[in-house]
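**Student:** In the working numbering, the protein residues as written are 35 to 172.
Think of the CB as a built atom: it goes at the ideal place given N, C-alpha and C, for glycine as much as any other residue.
Note that the structure is predicted; figures quoted are calculated from it, not measured.
(1) In this structure, how does DSSP classify residue 101 when only helix, strand and coil are distinguished?
(2) Which full runs of the beta strand (DSSP E) of 3+ residues lie inside the stretch 59-100, going along the chain?
(3) Whose CA, out of 72, 99, 79, 128, lies closest to the CA of residue 86?
(4) For a quick check, are the C-beta atoms of residue 60 and residue 125 less than 8 Å apart?
(5) Answer yes or no: do residue 165 and residue 62 have a C-beta to C-beta separation smaller than 8 Å?
(6) Return the bridge partner residues of residue 113 from the DSSP annotation.
(7) How long is the line joining the alpha carbons of residue 35 and residue 109, rounded to whole angstroms?
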């Protein structure tokens, strides 16, 4: 009789932990570190965040809930000052959730070569550079 009770308790614990992780909020901030205005457009399969225009030094941010199955994907197009449109996956699982830190804020800086990402841990003051992503092809 103890085995079913233990299994039930374990099952309930797994449900709560999974529910908590699946609804973790991800915050993305994009900062224009170029000397010219940048037009960008971000979206996922289901959510279109619309066109944004960032002045030099300007920023824009958005947040979303992680996909239950760990397949969240947001991608953005960037109309750069050189007249080219470039694409990047701004958030892609599992690439961006390795290490299990689900409650993170990302600060992405637009540079001539791509985006450099800084991770800002919730409740923390420090920034940690994570990676730089080169511009994708048109």
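**Tutor:** Reading off the structure:
(1) Walking along the chain shown from the start, residue 101 turns up at place 67. The answer is coil: DSSP assigns residue 101 none of H, G, I, E or B.
(2) 59-66, 72-77, 82-88, 93-99
(3) Here residue 86 refers to the residue found at position 52 of the chain shown. Residue 72 is the option with its Cα nearest to residue 86.
(4) Looking up residue 60 in the chain shown gives position 26. Looking up residue 125 in the chain shown gives position 91. Yes.
(5) Here the question's residue 165 lines up with position 131 in the chain shown. Here the question's residue 62 lines up with position 28 in the chain shown. In this structure, residue 62 does not lie closer than 8 Å to residue 165 by Cβ.
(6) For the purposes of this step, residue 113 is taken as residue 79 along the chain shown, with counting starting at 1. Looking at the DSSP assignment, residue 113 forms a beta bridge with 73, 119.
(7) As a first step, residue 35 is located in the chain shown; it is residue number 1 there, counting from the start. As a first step, residue 109 is located in the chain shown; it is residue number 75 there, counting from the start. Confidence in residue 35 is poor, its pLDDT being 47 and thus under 50, which makes the residue's placement too unreliable to answer from.
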